[in-house]
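Novice: One structure, as structure tokens, below. Some questions next.
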Amino acid sequence: MSGFRLNLRDGLGRAVDHDSKINFTFDGKNYEGRKGDTLASALMANGVSIVARSFKYHRPRGIFSAGSEEPNALVTVHSGPRTEPNIRATELELYEGLEVKSQNRWPSVNLDLMAVNQLPGKAFSAGFYYKTFMGPSRPGHKATQFWWFCEQLIRRAAGLGKGASQADPDKYGRMNAFCDVLVVGAGPAGISAAERAASAGAKVILCDESAVAGGSLLSSPELLDGEPAFDWAEERLAELAEHENVTVLTRTTVQSMFDDNTYLAVERVADHIKRPAKHQVRQRAWNIRCKSAVIATGAIERPIVFAGNDRPGVMLADSARRYVVEFGVSPGKAVCVFTNNDTGWLAARDMAKNGVIVEAIVDVRKDVPDNIRAAGEESRAEIFLGAAITATNGFQSLSGAQISEFTETSGEVGRKLKKIGCDCIAVSGGWSPAFHLTSQQGEKPVWDAELQAFLPGGAISAWHGAGAMAGKFGLRHAFRSGEEAAVKALADAGLGEGDSDVPRIEGDEIDYAPAPVFEINSGGKAFVDLQHDVTSEDVRLAHREGFISVEHLKRYTTLGMATDQGKTSNMSGLAIMAEARGKPIPEVGTTRFRPPYTPTALGAIAGESYGHLASERLTPMHDWHVAEGANMYANGPWLRPESYNRSGESVEQAYIREAAAVRKGVGLVDVSTLGKIDVQGPDAAEFLNRIYSNGFAKLPVDKARYGLMLREDGMLFDDGTTWRLEENRYLMTTTTAGAGQVMDHLEYHRDVVWPDLKVALTSVSDEWAGVAVAGPKARNVLKGCVSDCGVSNEDLPFMGVQKANIAGIPVWIARLSFSGEMAYEVYCGAGWGQELWNVLMKAGKRFNITPYGLEALSTLRIEKGHVAGPELNGRTTPYDLGLGGMVSSKKNFVGATLLKRDAFHEEDRLQLVAIKSIDGQRIRGGSHLVKGNKDEPGRSEGNTTSTCFSPELECYISLAMLEGGAARYGEKIYATNPVRDCHVAVEVVSPHIVDPDGGRMHG
Amino acid sequence: MKRAVAPHLGTIKMRLTCPFCGERDHQEFTYRGDASAKRPAIENDSIEDHRAYVFDRANPDGDHRELWNHTSGCRMHVVVTRNTTTHKVTGCEPVGPWAKTMKARS
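Residue numbers (the working numbering), protein chains in the order written: chain A, 1 to 1003; chain B, 1 to 106.
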């Protein structure tokens, strides 16, 4: 193809600004385009014909289409963290300074050394990978030794563009929108549907994937109400945009149709400019909920498959026409049209009318209607009827085509007629309605023998097809079906019919039905799927080897699996398979389309739930922690201090200092994040008794108890202390990360399982701020500030709960210990949290009170053998963690029965132990426990769960789950982490390292 | 600062009409499984009965009564009747201590 810009004049190249200049680079070379160009039209105007290399054979490829269906012209835009691969050049809008790279080539798109892949030809045929690389080799792997040898080379050679490895610096937005009628596609059918719906007072959203809406009207030769279709569309769309009930979204692709009239659309807000403006999002995801929808997504032209059809220069006929009419770019110096239907002839005429040389029109049909023959004559092309293109030639790009006799009914190729010189073949094999959205819903398409196309099947949700999508081709049908669909949608929304406003149309009336010819089988490589390099021979090979169902065909040959999802190739593939099986196409069927319609950036899906915009919960003392230099760490939805690093201190140095200060003196930690649930009612005691594995019915008022909660299958679910505040009122605490799940669990059992129990549950996690004061001097600190309550062992014994007053702040004090030291948890209303913290800091000053973070908190509980999230991992029972004593045998509770299953009581289950490093080496998190040395480690007998440096023992320790661990204290084994190259000799010890008899916390 | 990334994958969508709140997006709800699974009585300690309650599910093709919780709304439990083939929702009834009151009122 050697395209060029035509002489722009009125009525030609309406999409581009004739007087503008836009500079851009492609593979480092400078080019000039015009405002309004796509990258594809600009490259074509500059005579660039090879824009990409194919996926498997690395064959040169050119621009094939003018829309989102493009299989060939995929490029990489931007560099560094903004790098975005696989962007369709046909959709990429040109802007000043645009930098684009071609893909899948080395070293360059014009000279690709990987093209040797096409030499062995048959080696890469369908199922090549399965046949060559699947088979017995290593235990546990399905690949052969040959695969392991080839993997690196293959991974480099295959694949499309490469993505960025750094974080995406751009922002993405999300919008929730509601409307009466959603109209997808702003072509003639979509515009008339939107107008009709708006006239009835409906709230309408009209989406179009292009920068300029209008669809086929942008290049239609018809006159509407006496004016060019382009102008008519522009006026009508401007009116719609002004309408107060109508939202027109351009550059917005409706990607997915979901249940109950819910749609996901992605708006490309700033992809047509170099960088999003400050605070501007790059893309915005629209969740659209409508009462009904009009789907007017048009149809996608499909090619005829013939030998040599992938040479740059072969493209879809209507796309070629669009480049001429919309962009004023000729796709070549000499164009040959190859068609099986009337639309190819009109493309030839419209191109010729605008100064493009059309050498020949080749039609597989023996006869065409008179008006079509007249259009052919107008184009001054040589006409070949009952003929087909049977081969192409050219070094890299197209330079000529062989035309031969062809019998439409038998598919027989006859004698050679003529070899013509051409650098562009505009091919039309008919039209496939774009029913991708409705197919996503599982609606099976139905075959239309007249149109030789699948049409959308019956509607599950409230949507109505209009225009070419529904098989209503041509402007007259498009407008009428648009209005009809709108009336049905209005009825769904409970609205009136509105007013009709169809324009008067002057122009051709043609038949859109093609001859049933999908492939010219004349030998030579004929490509069905251009993006995945699937040839017609691959489809036949799949048939010979028994992969005859469409689903198997897709997976065996990868037909239709690439980023374009086979938009231009599926139909031909099915037709070839149908022929091979000797069955009609509808019996072979079609695969279901999956969302999204076009490739979608992950950022657009993640939206704002990312980075600094993700929601986070802060404790009342958050600002104090930050001011004191704490690293904040995400724990469930909360941010908590990891450690308070003094200058020059590492996190490890800081937590060791903090933990040691608690063991020797006193520390305080913010525990406001613990889940807190207020449980009230006459049956509260009975309810808790059924929820916890240990007894709660007899817990006295003013006492707390540590409780274990199980899932119904017997596995541990959550733990925490619950305090009986009054006869019928309890305050339950849960783990920070488990609070939400525990609330769900309680509500389920209250509402669904035991609705007869009178219990009220209220989440009060945010109502209370909590501070734990821990260490041998904790009591001294409280003595100095608490009034209305004694803090001695008699007044407030271990597990006691008391109301009290600290510097005028009403508080609950509970004598609880997670650290194993003497400790108190003090709770007050969240609004008092910071004040309480200040008072405790002040009271503790003379005891050198030390604030400590999550790391120190964790270190203290690991030394004590207290379990937390890493041990409550959904795979452990109370027995596994040495908590069998907390499983009541006197009552039934959630999980009690299934916990009795034999497998939970086998002796070699993973059981909680502690391990300590023998030679001072660091034990890494995620290590496995093995018996052997580094060279022969043997099998894994367990794994570490929570690891730290113990200031008490002055060595690295870890809690771990070890097979039969409870009986293995004293054994010397290894903690191995091959990923980090660590193999540490450790001793298995009891998990209760510090103060095993509990004297400190009871004292 | 380390951050947990919790992408809100808006990939599957449907609408449920909560009997307490009205029509809402399903993302406000949590699926809790087959509504016909009934927990054995608290005094029942048959492993077989509990196993059936926890693990046995019919996986029907067609209408399925399933329990949902309006987690990010009123937090009530509802029984949704959903066709597993078409995803068509034909019912959304309240359960729990409030169900009787609701039914009496309507």
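The beta-carbon is built from N, C-alpha and C at its ideal position, and this holds for glycine as well. Just so we're clear, the structure is a prediction, and the values are computed from it rather than from any experiment.
Measure how close the beta-carbons of lysine 1013 of chain A and serine 765 of chain A come, nearest whole angstrom, since I'm counting them as under 8 Å.
Specialist: With chain A running from 1 to 1003 in the structure shown, residue 1013 of chain A is simply not present.
Novice: Just grab the DSSP bridge partners of proline 19 of chain B for me.
Specialist: Partner(s): none; proline 19 of chain B has no beta bridge.
Novice: Applying a beta-carbon distance threshold of less than 9 Å, which residues of chain B neighbour threonine 897 of chain A?
Specialist: Pro40, Asn44, Asp45, Ser46, Ile47, Asp49, His50 and Arg51
Novice: When the distance is taken between beta carbons, is serine 946 of chain A closer than 9 Å to proline 878 of chain A?
Specialist: no
Novice: Can you list, in chain order, the residues of its chain whose CB lies under 8 Å from that of leucine 857 of chain A, leaving out five sequence neighbours each side?
Specialist: The answer, listed in chain order, is Val669, Phe818 and Ser819.
Novice: Which partner residues of lysine 803 of chain A appear in the DSSP bridge assignment?
Specialist: Beta-bridge pairing links lysine 803 of chain A to A/Trp812.
Novice: If contacts are defined as beta-carbon pairs under 8 Å, then threonine 735 of chain A and aspartate 751 of chain A qualify, I think. What distance do you get, rounded to the angstrom?
Specialist: Wrong, their Cβ atoms sit about 23 Å apart, outside the cutoff.
Novice: If we call anything under 9 Å between Cβ atoms a contact, is alanine 426 of chain A one with serine 572 of chain A?
Specialist: no
Novice: Counting only Cβ pairs nearer than 8 Å, list the residues of chain A close to proline 60 of chain B.
Specialist: The premise fails here: proline 60 of chain B is roughly 17 Å from chain A at the closest Cβ pair, so nothing lies under 8 Å.
Novice: Take lysine 274 of chain A and list the residues in its own chain whose beta-carbon comes closer than 7 Å to its own, dropping the five residues that flank it on each side.
Specialist: Tyr95 and Gly97
Novice: On a CA-only basis, which of A/Asp492, A/Glu537 and A/Arg251 is nearest glutamate 209 of chain A? Give me that one, please.
Specialist: Taking each of A/Asp492, A/Glu537 and A/Arg251 in turn and checking the Cα distance to glutamate 209 of chain A, the smallest one comes out for A/Arg251.
Novice: Check whether the Cβ of proline 870 of chain A lies closer than 9 Å to any Cβ atom in chain B.
Specialist: no
Novice: Bridge partners for serine 68 of chain A per DSSP, in chain order?
Specialist: Answer is none; serine 68 of chain A lacks a bridge partner.
Novice: I'd like the list of long-range same chain contacts for asparagine 805 of chain A, defined as Cβ closer than 6 Å, with 5 residues on each side in sequence excluded.
Specialist: Ser787 and Asp788
Novice: Just the chain B side, please: which residues come within less than 8 Å of threonine 460 of chain A by C-beta, in chain order?
Specialist: One detail in the question is off: residue 460 of chain A reads as isoleucine in this sequence, not threonine. Those are Thr86, His87 and Lys88, listed as they occur along chain B.
Novice: Can you give me the Cβ contacts of leucine 8 of chain A inside the same chain, cut-off strictly under 7 Å, excluding the 5 residues immediately before and after it?
Specialist: His18 and Gly328
Novice: Tell me whether alanine 317 of chain A sits in a helix, a strand or coil according to DSSP, three-state version.
Specialist: helix
Novice: Indicate whether alanine 760 of chain A and glycine 681 of chain A have their beta-carbon atoms separated by less than 9 Å.
Specialist: yes
Novice: Can you tell which of A/Trp754, A/Thr762, A/Asn728 and A/Met841 has the C-alpha that lies nearest to the C-alpha of asparagine 780 of chain A?
Specialist: A/Met841
Novice: Indicate whether glycine 853 of chain A and tyrosine 644 of chain A have their beta-carbon atoms separated by less than 9 Å.
Specialist: yes
Novice: Looking at the structure shown, is valine 212 of chain A part of a helix, part of a strand, or coil, going by DSSP?
Specialist: coil
Novice: Measuring alpha carbon to alpha carbon, tell me which residue in A/Pro303, A/Ala434 and A/Gly411 is nearest serine 569 of chain A.
Specialist: A/Pro303
Novice: Under 7 Å Cβ-Cβ, which residues of chain A neighbour arginine 32 of chain B?
Specialist: Tyr748
Novice: Answer with yes or no whether the minimum CB distance from proline 19 of chain B to chain A is below 9 Å.
Specialist: no
Novice: For the segment 247-265 of chain A, enumerate the residues whose C-beta is nearer than 7 Å to any C-beta of chain E, in chain order.
Specialist: No chain E appears in the structure shown, which is made up of the protein chains A and B.
Novice: Strictly below 8 Å CB to CB, what residues from chain B border aspartate 744 of chain A?
Specialist: Around aspartate 744 of chain A, the beta-carbon contacts reaching into chain B at under 8 Å are Thr30, Asn69 and Thr71.
Novice: Kindly list the residues whose CB is nearer than 7 Å to the CB of tryptophan 447 of chain A, restricted to its own chain and excluding five residues on each side of it in sequence; keep chain order.
Specialist: Phe454, Ile585 and Pro586
Novice: Would you kindly check if the distance between the Cβ of glycine 62 of chain A and the Cβ of glycine 313 of chain A is under 9 Å?
Specialist: yes
Novice: Please classify aspartate 756 of chain A as buried or exposed, where buried requires at least 16 neighbouring CB atoms within 10 angstroms.
Specialist: If you draw a 10 Å sphere on the C-beta of aspartate 756 of chain A, you find fewer than 16 other C-beta atoms in it, and that means exposed.
Novice: Return helix, strand or coil for serine 858 of chain A, following the three-state DSSP convention.
Specialist: It is helical.
Novice: Whole angstroms is fine: what's the gap from phenylalanine 338 of chain A's alpha carbon to alanine 229 of chain A's?
Specialist: Between phenylalanine 338 of chain A and alanine 229 of chain A, the C-alpha separation is close to 26 Å.
Novice: DSSP on alanine 37 of chain B, reduced to helix/strand/coil?
Specialist: coil
Novice: Taking Cβ-Cβ distances below 8 Å as the criterion, which residues of the segment 687-717 of chain A are in contact with chain B?
Specialist: Arg690, Glu712 and Asp713
Novice: Measuring only between beta-carbons, confirm whether methionine 76 of chain B sits less than 9 Å from chain A.
Specialist: yes
Novice: How many angstroms separate the CA atom of cysteine 955 of chain A from the CA atom of glycine 920 of chain A?
Specialist: 6 Å
Novice: Using the C-alpha atoms, what's the distance from histidine 464 of chain A back to alanine 1005 of chain A?
Specialist: Outside the shown range of chain A (1 to 1003) lies residue 1005 of chain A, about which nothing can therefore be said.
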